[in-house]
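What follows is a set of notes on a single structure, which appears directly below.
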């Protein structure tokens, strides 16, 4: 009976391959969903295989797998019966599962069935397009808004959290759990702020920061990070307002926004530097003139 165990494993691998193909054609389920179902089916089968090694019992057991799903039941049963009917017990040992699997994969790719790589690429493309649309909407909103306070920042955090909870499937694929944890932390910190502090952030001092950290059960460093993030967004808002007032086109991507913002920052810094140098030069000349034409001290 122990000699037949690898043969049964090979047969089950083939049946699972046919199951995946049938699910892709009929149901068109998501990849992470049917992978979970197949793993569940595999566990049930192998637990029973370790106890019994009879072919009839396996087929009977597969017919009783109703808790997994009707499509899996039919596909698995048909796959095993087909493979057993085609080959005798003497020729089953010489059967090469890897060769058969490779041919089936080639057929699947030729018939334009979605593979995992193509599915992942399509999902990434969709996520990128969605992120670009959201970015454009956010930029237009910031450019049209006359002022940006911590109240608006709080509302933005709440909206982002709700979007993440709605897009649970995308979150599982892209791995945005860390982003969600950071947003929840920001939300708890912002809930600890008073209404006056949210309207006017200049009132927030070292003592208020400690109080906020105590209420939110966080460190003062987290409060400083939150205020720093708010200030960065406030600067971006001011930059977008200036660009709109000048009649210039708004940036379409986050990279373009960062590049243009840095460029403007560098220009303003150089402009200030030149003005300061000119003023310093003038004051130096005036001082020399005063030294030359002023009354000399009599000894």
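Residue numbers (full-length UniProt numbering): 1 to 299. Just so it is clear, CB atoms sit at the ideal spot from N, CA and C, and this is done for glycine as well.
Measuring straight from C-alpha to C-alpha, what distance separates residue i and residue j?
i, j, result
"residue 208", "residue 132", "37 Å"
"residue 192", "residue 213", "8 Å"
"residue 86", "residue 129", "Caution is warranted here: a pLDDT of 46 is assigned to residue 86, below 50, making its placement in the model unreliable, and the coordinate value is therefore given only provisionally. Distance between the alpha carbons of residue 86 and residue 129: 49 Å."
"residue 254", "residue 136", "9 Å"
"residue 124", "residue 157", "24 Å"
"residue 248", "residue 127", "28 Å"
"residue 233", "residue 138", "11 Å"
"residue 155", "residue 183", "12 Å"
"residue 262", "residue 256", "10 Å"
"residue 245", "residue 196", "30 Å"
"residue 194", "residue 210", "14 Å"
"residue 264", "residue 206", "32 Å"
Could you please give the first and the last residue of the uninterrupted alpha helix (DSSP H) stretch that includes residue i?
i, result
"residue 203", "From DSSP, residue 203 is part of no alpha helix (DSSP H); its letter is neither H nor E."
"residue 197", "195 to 199"
"residue 145", "Segment: none, residue 145 is in no alpha helix (DSSP H) and carries neither H nor E."
"residue 235", "220 to 246"
Can you check which of these residues, the options, is closest to residue i by C-alpha distance?
i, options, result
"residue 239", "126, 260, 162", "260"
"residue 199", "262, 180, 152", "152"
"residue 144", "250, 241, 264", "241"
"residue 204", "183, 226, 180", "226"
"residue 162", "148, 179, 150", "179"
"residue 236", "127, 182, 149", "149"
"residue 201", "181, 231, 210, 211", "231"
"residue 218", "197, 188, 164", "188"
"residue 224", "263, 155, 190", "190"
"residue 134", "122, 154, 164, 121", "164"
Quick check on the burial criterion: 16 or more other C-beta atoms within 10 angstroms. Buried or exposed for residue i?
i, result
"residue 146", "exposed"
"residue 243", "buried"
"residue 141", "exposed"
"residue 251", "buried"
"residue 215", "exposed"
"residue 220", "exposed"
"residue 228", "exposed"
"residue 122", "exposed"
"residue 181", "exposed"
"residue 258", "exposed"
Residue i and residue j look like a contact to me (Cβ under 8 Å); what is the Cβ gap, rounded to whole Å?
i, j, result
"residue 222", "residue 185", "7 Å"
Using only the heavy atoms of the ligand GDP, determine whether one of them is closer than 7 Å to the beta carbon of residue i.
i, result
"residue 190", "The model on display carries no ligand, and the ligand GDP is accordingly not part of it."
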